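Just below is one structure, and these are the notes that go with it.
Protein chains: 2
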Amino acid sequence: MLFSKNLTWNPDGQHIYVTGGSTGLGLSLAILLVKSGAHVSIVARNQNKLDDALKELENHRQHSNQKLAAHSFSLDTAEESAAALEVVCEPHNGRAPDAVFACAGSSKPKFFVEMSAEEMQNGMTNGYWVQAWTAMAAAKKMVRDRTKGKIILVSSTLGYMSFVGYASYSPAKHALRGLADTLQSELMLYDIDVHIFFPPTMYTPGYEEETKTKPKITRDIESTDDGVTAEAAAVALFEGVRAGHAHITADMITTLFRASTRGVAPRHNIFLDPLYDMAAYIIAPIWKRSVDKRVREHRAEHREYLVEAGFFS
Amino acid sequence: MLFSKNLTWNPDGQHIYVTGGSTGLGLSLAILLVKSGAHVSIVARNQNKLDDALKELENHRQHSNQKLAAHSFSLDTAEESAAALEVVCEPHNGRAPDAVFACAGSSKPKFFVEMSAEEMQNGMTNGYWVQAWTAMAAAKKMVRDRTKGKIILVSSTLGYMSFVGYASYSPAKHALRGLADTLQSELMLYDIDVHIFFPPTMYTPGYEEETKTKPKITRDIESTDDGVTAEAAAVALFEGVRAGHAHITADMITTLFRASTRGVAPRHNIFLDPLYDMAAYIIAPIWKRSVDKRVREHRAEHREYLVEAGFFS
Numbered sequence: 001m002l003f004s005k006n007l008t009w010n011p012d013g014q015h016i017y018v019t020g021g022s023t024g025l026g027l028s029l030a031i032l033l034v035k036s037g038a039h040v041s042i043v044a045r046n047q048n049k050l051d052d053a054l055k056e057l058e059n060h061r062q063h064s065n066q067k068l069a070a071h072s073f074s075l076d077t078a079e080e081s082a083a084a085l086e087v088v089c090e091p092h093n094g095r096a097p098d099a100v101f102a103c104a105g106s107s108k109p110k111f112f113v114e115m116s117a118e119e120m121q122n123g124m125t126n127g128y129w130v131q132a133w134t135a136m137a138a139a140k141k142m143v144r145d146r147t148k149g150k151i152i153l154v155s156s157t158l159g160y161m162s163f164v165g166y167a168s169y170s171p172a173k174h175a176l177r178g179l180a181d182t183l184q185s186e187l188m189l190y191d192i193d194v195h196i197f198f199p200p201t202m203y204t205p206g207y208e209e210e211t212k213t214k215p216k217i218t219r220d221i222e223s224t225d226d227g228v229t230a231e232a233a234a235v236a237l238f239e240g241v242r243a244g245h246a247h248i249t250a251d252m253i254t255t256l257f258r259a260s261t262r263g264v265a266p267r268h269n270i271f272l273d274p275l276y277d278m279a280a281y282i283i284a285p286i287w288k289r290s291v292d293k294r295v296r297e298h299r300a301e302h303r304e305y306l307v308e309a310g311f312f313s
Numbered sequence: 001m002l003f004s005k006n007l008t009w010n011p012d013g014q015h016i017y018v019t020g021g022s023t024g025l026g027l028s029l030a031i032l033l034v035k036s037g038a039h040v041s042i043v044a045r046n047q048n049k050l051d052d053a054l055k056e057l058e059n060h061r062q063h064s065n066q067k068l069a070a071h072s073f074s075l076d077t078a079e080e081s082a083a084a085l086e087v088v089c090e091p092h093n094g095r096a097p098d099a100v101f102a103c104a105g106s107s108k109p110k111f112f113v114e115m116s117a118e119e120m121q122n123g124m125t126n127g128y129w130v131q132a133w134t135a136m137a138a139a140k141k142m143v144r145d146r147t148k149g150k151i152i153l154v155s156s157t158l159g160y161m162s163f164v165g166y167a168s169y170s171p172a173k174h175a176l177r178g179l180a181d182t183l184q185s186e187l188m189l190y191d192i193d194v195h196i197f198f199p200p201t202m203y204t205p206g207y208e209e210e211t212k213t214k215p216k217i218t219r220d221i222e223s224t225d226d227g228v229t230a231e232a233a234a235v236a237l238f239e240g241v242r243a244g245h246a247h248i249t250a251d252m253i254t255t256l257f258r259a260s261t262r263g264v265a266p267r268h269n270i271f272l273d274p275l276y277d278m279a280a281y282i283i284a285p286i287w288k289r290s291v292d293k294r295v296r297e298h299r300a301e302h303r304e305y306l307v308e309a310g311f312f313s
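Sequence order for the protein chains is A and B. Residue 1 is where the first sequence starts when you use full-length UniProt numbering, and the numbers rise one by one after that. Residue 1 is where the second sequence starts when you use full-length UniProt numbering, and the numbers rise one by one after that.
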């Protein structure tokens, strides 16, 4: 289309499944969906957080017959993710949800040469598989049920670009983008829409967790970042899905990367997108050069750090 | 830099490790490196193919003291990949190679809803881990040895974009791009250069293997593709590394995607790259629209296929 699509999707009365729905982006999104009149099921690991989240969702209930549910599952494997989906669908006559938002995920930044094989693999599990398995279970179920539903994945600005510290996380977030672009094409076979969200830094419990292992140089580079709240990110995601955007962003920097890292992703606006692309053509290399300079200047300090950490012994 | 870099890297006398070196791109590249006077070690799985490849490499020997070696290893796990690297380095006083070309990998296209969890995971292993583990072992060894080496990964045009059929492969190739972009930044800490190659369809034994499972619609979409030979791809890769390009391509279509899917990858040429980007702005949406149309037109036929395949039973 030439211009931005009108907002058409209305989740009122639909059954929406949100993974990672007990905190952060997932919870904020679930609240928005409940406010829109949707039946909402959330899944996460921690039962206490789920209990609190469900109470919070109940506060925003619009109709007495809205079905709100919370279930505890790990979504690390295909089996667990398929089992979670079945349980989530039970109160809805076992039918596939109308939309699945895969918001689960976490990041553990660290220097590549200090990472264990297990940490690298956990990066892929917690950044990619935790969503890919849900997408797989949901796609199979939607196709069987002939549900013309929506599948929404959550990547990151680090799914468009990357820098020091994210060797376990950025590959996973890039992989999600590859999966979303494939499925956006392939699931047209079944009239299933696929969207992917690229949020910037979000001030969530997950963010506080990841700063614990984040290398100093990575924190320094990010110190000028303007993050967004989980609430603002959830609004951007919700509006993006309503607008029918394949790639959704929540801040200007990531929008520039979207336009300049577009592959075959459908564009939003035939006039604005090239302007973003041109802006990125100027801004991205300036940013990259300054980051490269910082990394190089950090060499001596980093070597000392590695020596003290016992890397060479 | 403003213009293309001069070709500076000279592998003569260096020790270069090539994974997937017994056939296709890996073998063609190994031959080029032997011709350049490098000590070349190749690793692959199949001993017979390795024997043939080593004979072929011997035919191109430039010096009597060139060390040419072939070792059989699976590179699917971190342990195997680290073990392979150690064996490869033994004849070189155990020192890290000057350059590591991770060319190993394979693809098995299939419809997403027909894939098993194991097939999805194999896609990540054969498209991503088979190279990521080697990159990890090589980076650690280079840092310990203070080798200012090079690490080169091999993605695909499908690391920039994707379409129906590649749900297990494209995520892996996108992940490699995320890893390369991270390491291009992070390994500056140690003066290690990181490059990534995005070849289009290559007419190799691996390509013949993947067509066996490739869905009809995927084959149809690719029927107008101009692929390249392994030899031509190897030359492009070699010249790209010599030119110091972070992202390397071997054909015009992928070059357009490189310019329009650039993230923070350093550009090659400040005047040409925006032209490629502009061309992609026009061409990519035209291509995408025609592919979307084909996919939608394939719906009825695909449903019949799924019914016959027993998907709904």
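Note that the Cβ used here is the ideal one computed from N, Cα and C, for glycine as well. As the structure is a computational prediction, the values presented were derived from the model and not from experiment.
- The C-beta distance from A/Ala246 to A/Ala265 rounds to 5 angstroms, short enough to fall under 8 angstroms.
- DSSP places B/Phe312 outside both helix and strand once states are collapsed to three, so it counts as coil.
- In this chain, the beta strand (DSSP E) harbouring B/Ala44 covers His39 to Ala44.
- In this model, B/Asn122 and A/Ala132 are separated by some 14 angstroms (Cα to Cα).
- Interface annotation, B/Glu308: not in contact with chain A, CB-CB separation never under 8 angstroms.
- Secondary structure note for B/Ser290: its alpha helix (DSSP H) is the uninterrupted segment Leu272 to Glu297.
- Collapsing the DSSP output to three states places A/Val235 in a helix.
- Ranking B/Glu210, B/Pro199, B/Pro215 and B/Met252 by CA distance to the CA of B/Ala230 puts B/Pro199 first.
- For the stretch 227-260 of chain B, the residues whose beta carbon sits under 7 angstroms from a beta carbon of chain A are, in order, Phe257 and Ser260.
- Selection A/Pro285, A/Thr254, A/Leu237 and A/Thr249 evaluated against A/Leu32 yields A/Leu237 as nearest (Cα-Cα).
- Residue contact with chain B for A/Phe112: present (Cβ-Cβ distance below 8 angstroms to some residue of chain B).
- The beta carbon of B/Ser74 lies closer than 6 angstroms to those of Arg45 and Glu80 in the same chain, with the five residues before and after it left out.
- With its beta carbon less than 8 angstroms from one in chain A, B/Leu179 belongs to the interface.
- Residue contact check for B/Gly165 against chain A: a CB pair falls below 8 angstroms.
- At a cut-off of 4 residues, the continuous stretches assigned as alpha helix (DSSP H) that sit fully inside the stretch 188-246 of chain A are 205-211, 216-222 and 230-242.
- Proximity of B/Thr211 to chain A, defined by a Cβ-Cβ separation below 8 angstroms, is not satisfied.
- Around the beta-carbon of B/Val307, fewer than 16 other beta-carbon atoms lie within 10 Å, marking it exposed.
- Taking the C-beta atoms as reference points, A/Gly20 is found no nearer than 8 angstroms to A/Cys89.
- For A/His174, the enclosing alpha helix (DSSP H) begins and ends at Ser170 to Glu186.
- A contact between stretches requires three or more CB pairs, one per stretch, nearer than 8 angstroms, and the stretch 48-56 of chain B meets this requirement with the stretch 8-27 of chain B.
- Among the CB atoms of chain A, none fall inside 8 angstroms of the CB of B/Thr23.
- Just so you know, the alpha carbons of B/His71 and B/Val87 end up roughly 8 angstroms apart.
- Residues of chain B with a Cβ closer than 9 angstroms to the Cβ of A/Pro97 do not exist; the shortest Cβ-Cβ separation is about 16 angstroms.
- Counted as a single uninterrupted DSSP element, the beta strand (DSSP E) harbouring A/Leu68 occupies residues Leu68 to Ser72.
- Across the stretch 137-156 of chain B, CB contacts with chain A closer than 8 angstroms involve Ala139, Lys140, Val143 and Arg144, in sequence order along the chain.
- By the Cβ rule, the stretch 293-306 of chain B does not count as touching the stretch 11-19 of chain B, because fewer than three pairs are nearer than 8 angstroms.
- Take B/Met136, set aside five residues on each side of it, and no residue of its chain has a beta-carbon closer than 6 angstroms to its own.
- The beta carbon of B/Ser74 sits no closer than 8 angstroms to any beta carbon of chain A.
- For A/Ala139, the enclosing alpha helix (DSSP H) has its first and last residue at Val130 to Asp145.
- Here B/Val100 is bridged, per DSSP, to B/Tyr17 and B/Ile151.
- Scanning its chain for C-beta atoms nearer than 7 angstroms, with the 5 sequence neighbours on each side dropped, one finds around A/Tyr207 the residues Thr201, in chain order.
- For the pair A/Ser106 and A/Thr125, the Cα-to-Cα distance works out to about 9 angstroms.
- The beta carbon of A/Ile151 lies closer than 6 angstroms to those of Val100, Ala135, Ala138 and Val194 in the same chain, with the five residues before and after it left out.
- Under DSSP, the beta-bridge partners assigned to A/Ile248 are A/Phe197.
- Non-local beta-carbon contacts of B/Arg294 in its own chain, meaning distances under 8 angstroms to residues more than five positions away in sequence, involve Ile217, Asp220 and Ile221 in chain order.
- Non-local C-beta neighbours of A/Gly240 in its own chain, meaning closer than 6 angstroms and more than five positions away in sequence, comprise Ile248, ordered along the chain.
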